[in-house]
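Peer 1:
In this note's numbering, the protein residues as written are 244 to 822.
Now the structure itself:
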């Protein structure tokens, strides 16, 4: 009986908090918050000239108090029930804490004469309260499954839940953006990190919701509730799109977006806790790990070479954070990262399509999707072209035309100039082709400033000269693979000794270039000290490769080179933030 009452109260508290958010959006859109001068209620309650806006503000205050009472009741019941799951109890206890912070913020704004009820911090606390209540109520209504999932079923459930969590995150940002858009006093709003146009985040939420639906169909199509749930979330997101064209609808859309957020959070919990439909593989029927093939989604993701892209995005973000224009908005950083991933991923997929004949003869690449036959060369090429086109659209729409131009040049440079010609014809493929991997800092810099200068060109040069030591170390380790595939890498053409010497030469040039940022005034002495230290370690490894040339020294240089590039850009950011 206690469990039943707790579930009902938690559900009622969730609904009440949702009404609070919906009414708050209307209060913000109508400017009604300033009509109540008292706290927690309004001293004007019995005034004869009370307006509809005043009653809207008063109703919002009453809903807040009712939501707090229900949240407190649910938290008390959770405390006195010893058998309740620990996570559920914590979630129920967090809800009134978020609510108290929200009430305190309301009181502070009222005392200061600033009653924009949908301020970012205010709504953020309400969404956290609503989220904790939604998760707790869903967990109460859907017990954890008793059967033990097999490895494959567990992986599918986690992937499905992961899609739902990301979709919920995007919808949460959408709710905040709509609230900022609805406010009559945007300058007073704290939503400076949110997009002025919510179309972009709505599109991102739609993409993630589509992924959620696809994963649901792929792994849980026998669960009609989950499948219907995923379809409903996507359809509601699509239905929100036309409302963005109505400038006065943002206040009402806050409540709709919050409702979608609740639905997606509940879906994430249900995906983890609902029992598998009959016939779904469990621990007893899961195939051995050696017999499982990667999923189609994993194969297409691997075409983008995410491990390589992660380092490229570090250099992109680092360049964005050290420009003379100051720190960029988080929204600009986000869209630059999205565009950068699409560009690098598209170029990587095109590379995989063109290099299938090489990859099949190399041990480390023979299991890639194209040479193994899991994805056709044509489909990989079309996928790469699609990602490349999307990257241009994203960068043009949300950054600067020059950033989009630099990114496009990087795609053409890597996918065609390097892959189709340099890699197959000359041992200087890595030297000249290194320019493709050095373009991301230019994209990051121009996304913020819209122009080039000596500083980003120096960043380009650092990455350009970093590329040969990094890849030649790998070529020394995989020399037999490159020989078998007929790729004229330096160790194959000029021999191991010459490659070791060239690694040392280019390492010295790279470190020298990295130190120029301080004399030129781009970086301070904090960076200079870090560059000296990190560069000295790099030179030690390069000298060991030239002097010894054993597998341990070559492998050590290769691994440290990955870390070095990330550390040097982190040092730039720290120097700029501190000094």
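C-beta atoms are modelled at their ideal positions from N, C-alpha and C, and glycine is treated no differently.
Since this is a predicted model, take the numbers as computed values, not measurements.
Tell me which residue opens and which closes the alpha helix (DSSP H) that residue 622 is part of.
Peer 2: Start at 1 with the first residue of the chain shown, and residue 622 comes out as number 379. For residue 622, the enclosing alpha helix (DSSP H) has its first and last residue at 620-641.
Peer 1: Which whole runs of the alpha helix (DSSP H) in the stretch 457-513 are 4 residues long or more, in chain order?
Peer 2: 467-486
Peer 1: For residue 676, which residues in the same chain have their Cβ closer than 6 Å to its Cβ, ignoring the five residues on either side in sequence?
Peer 2: Start at 1 with the first residue of the chain shown, and residue 676 comes out as number 433. 661 and 665.
Peer 1: Secondary structure at residue 574, three-state DSSP: helix, strand or coil?
Peer 2: For the purposes of this step, residue 574 is taken as the residue at position 331 of the chain shown. It is helical.
Peer 1: Is residue 604 helix, strand or coil when you go by DSSP?
Peer 2: Counting from 1 along the chain shown, the entry for residue 604 is found at position 361. Coil at residue 604, not helix or strand.
Peer 1: Going by the CB atoms, is the gap between residue 785 and residue 750 shorter than 8 Å?
Peer 2: Taking the chain shown and counting its residues from 1, one reaches residue 750 at position 507. Taking the chain shown and counting its residues from 1, one reaches residue 785 at position 542. In contact: residue 750 and residue 785 (Cβ atoms closer than 8 Å).
Peer 1: Can you tell me the Cα-Cα spacing of residue 316 and residue 457, whole angstroms?
Peer 2: Mapped onto the chain shown, residue 316 falls at position 73. Mapped onto the chain shown, residue 457 falls at position 214. So the two alpha carbons sit approximately 39 Å from each other.
Peer 1: Does the stretch 733-747 come close enough to the stretch 684-691 to have 3 or more Cβ pairs within less than 8 Å?
Peer 2: no
Peer 1: Does the beta-carbon of residue 248 have 16 or more other beta-carbons within 10 angstroms, so that it is buried, or is it exposed?
Peer 2: Here residue 248 corresponds to residue number 5 of the chain shown, with the count starting at 1. So residue 248 counts as exposed.
Peer 1: What does the alpha-carbon distance come out to for the pair residue 811 and residue 765?
Peer 2: Here residue 811 is taken as the residue at index 568 of the chain shown, counted from 1. Here residue 765 is taken as the residue at index 522 of the chain shown, counted from 1. Inter-residue distance for residue 811 and residue 765 is about 14 Å (C-alpha atoms, whole angstroms).
Peer 1: Please report the residue range of the alpha helix (DSSP H) in which residue 617 lies.
Peer 2: Taking the chain shown and counting its residues from 1, one reaches residue 617 at position 374. Here residue 617 belongs to no alpha helix (DSSP H), and DSSP marks it neither H nor E.
Peer 1: Where does residue 753 sit, in a helix, a strand or coil, going by DSSP?
Peer 2: Position 510 of the chain shown, counted from the first residue, corresponds to residue 753. Under the three-state reduction of DSSP, residue 753 is assigned to helix.
Peer 1: In its own chain, which residues sit with a C-beta less than 6 Å from the C-beta of residue 250, not counting the 5 before and 5 after it?
Peer 2: As a working mapping, residue 250 is identified with position 7 in the chain shown. In chain order, 383 and 384 place their CB closer than 6 Å to the CB of residue 250, counting only its own chain and leaving out the 5 sequence neighbours on each side.
Peer 1: Hey, out of 398, 479, 420 and 267, whose CA is closest to residue 459's CA?
Peer 2: Taking the first residue of the chain shown as position 1, residue 459 is located at position 216. Considering only alpha carbons, the answer is 398.
Peer 1: Quick test of your reading: residue 771 and residue 758, contact by CB under 8 Å. State the CB separation rounded to the nearest angstrom.
Peer 2: As a first step, residue 771 is located in the chain shown; it is residue number 528 there, counting from the start. As a first step, residue 758 is located in the chain shown; it is residue number 515 there, counting from the start. About 7 Å separates the two Cβ atoms, so the contact holds.
Peer 1: By the DSSP assignment, the alpha helix (DSSP H) with residue 777 in it spans what residues?
Peer 2: For the purposes of this step, residue 777 is taken as the residue at position 534 of the chain shown. According to the DSSP assignment, residue 777 belongs to the alpha helix (DSSP H) that extends over 768-790.
Peer 1: Helix, strand or coil for residue 681, going by three-state DSSP, please let me know.
Peer 2: The count along the chain shown starts at 1 and reaches residue 681 at position 438. Coil.
Peer 1: Are the CB atoms of residue 746 and residue 699 nearer to each other than 8 Å?
Peer 2: Reading the chain shown from its first residue, position 503 is the one you call residue 746. Reading the chain shown from its first residue, position 456 is the one you call residue 699. Contact: no.
Peer 1: Would the beta-carbon of residue 743 fall within 8 Å of that of residue 691?
Peer 2: Residue 743 sits at position 500 when you count from the first residue of the chain shown. Residue 691 sits at position 448 when you count from the first residue of the chain shown. In this structure, residue 691 does not lie closer than 8 Å to residue 743 by Cβ.
Peer 1: What residues in its chain sit with their C-beta under 6 Å from that of residue 582, if we drop five residues either side in the sequence?
Peer 2: As a working note, residue 582 is residue 339 in the chain shown. Excluding sequence neighbours, residue 582 sits near 634, 637 and 638.
Peer 1: Near residue 413, which residues of its chain fall below 8 Å by C-beta distance, leaving aside the five closest residues on each side in sequence?
Peer 2: Against the chain shown, residue 413 aligns to sequence position 170. Same-chain partners within the cutoff: 444, 447, 448 and 451.
Peer 1: Skipping 5 residues on each side, what residues in its chain have a beta carbon closer than 6 Å to that of residue 646?
Peer 2: Within the chain shown, numbered from 1, the residue matching residue 646 stands at position 403. Here the set comprises 638, 686, 689 and 690.
Peer 1: Give a yes or no on whether the C-beta atoms belonging to residue 601 and residue 609 are separated by under 8 Å.
Peer 2: Residue numbering aside, residue 601 sits at position 358 when the chain shown is read from its first letter. Residue numbering aside, residue 609 sits at position 366 when the chain shown is read from its first letter. No.
Peer 1: Would you check if the stretch 624-631 and the stretch 579-599 touch, i.e. whether three or more CB-CB distances between them fall below 8 Å?
Peer 2: yes
Peer 1: For residue 598, report the span of its alpha helix (DSSP H) as first-last.
Peer 2: Numbered from 1 along the chain shown, position 355 holds the residue referred to as residue 598. Element bounds for residue 598: n/a, residue is neither H nor E.
Peer 1: I want to check one thing, is the minimum distance from the CB of residue 764 to the heavy atoms of the ligand PLP below 7 Å?
Peer 2: As far as ligands go, the structure on display features none, and thus does not contain the ligand PLP.
Peer 1: Is residue 515 helix, strand or coil by DSSP?
Peer 2: Numbered from its first residue, the chain shown carries residue 515 at position 272. Helix, per DSSP.
Peer 1: Report the residue from 471, 499 and 381 whose alpha carbon sits nearest the alpha carbon of residue 419.
Peer 2: Start at 1 with the first residue of the chain shown, and residue 419 comes out as number 176. Nearest C-alpha to residue 419: 499.
Peer 1: Less than 8 Å between the C-beta atoms of residue 667 and residue 730, yes or no?
Peer 2: Here residue 667 is taken as the residue at index 424 of the chain shown, counted from 1. Here residue 730 is taken as the residue at index 487 of the chain shown, counted from 1. It is a contact, given that the beta carbons lie within the stated cut-off.
Peer 1: Leaving out five residues on either side along the sequence, give the residues of the same chain with a beta carbon under 6 Å from the beta carbon of residue 479.
Peer 2: Along the chain shown, one-based indexing puts residue 479 at 236. Around residue 479: 503.
Peer 1: Out of 720, 401, 584 and 310, point me to the one whose CA is closest to residue 343's CA.
Peer 2: Against the chain shown, residue 343 aligns to sequence position 100. The shortest C-alpha separation from residue 343 is found at 310.
Peer 1: Use the C-beta contact count for residue 721: other C-beta atoms within 10 angstroms, 16 or more gives buried, fewer gives exposed.
Peer 2: The residue labelled residue 721 in the question sits at position 478 within the chain shown. The residue is buried, with at least 16 neighbouring Cβ atoms inside 10 Å.
Peer 1: Judging by CA-CA distance, which residue of 323, 338 and 659 is the nearest neighbour of residue 259?
Peer 2: Reading the chain shown from its first residue, position 16 is the one you call residue 259. It is 338.
Peer 1: In angstroms, rounded to a whole number, what distance separates the CA positions of residue 576 and residue 641?
Peer 2: The residue given as residue 576 occupies position 333 in the chain shown. The residue given as residue 641 occupies position 398 in the chain shown. About 10 Å.
Peer 1: Round the Cβ separation of residue 264 and residue 369 to the nearest angstrom and send it over; I've been treating them as touching at under 8 Å.
Peer 2: Translated into positions along the chain shown, residue 264 becomes position 21. Translated into positions along the chain shown, residue 369 becomes position 126. The Cβ separation is near 5 Å, so the contact holds.
Peer 1: Going by C-alpha distance, which of 801, 585 and 716 is nearest residue 654?
Peer 2: Here residue 654 refers to the residue found at position 411 of the chain shown. Closest by alpha carbon: 585.
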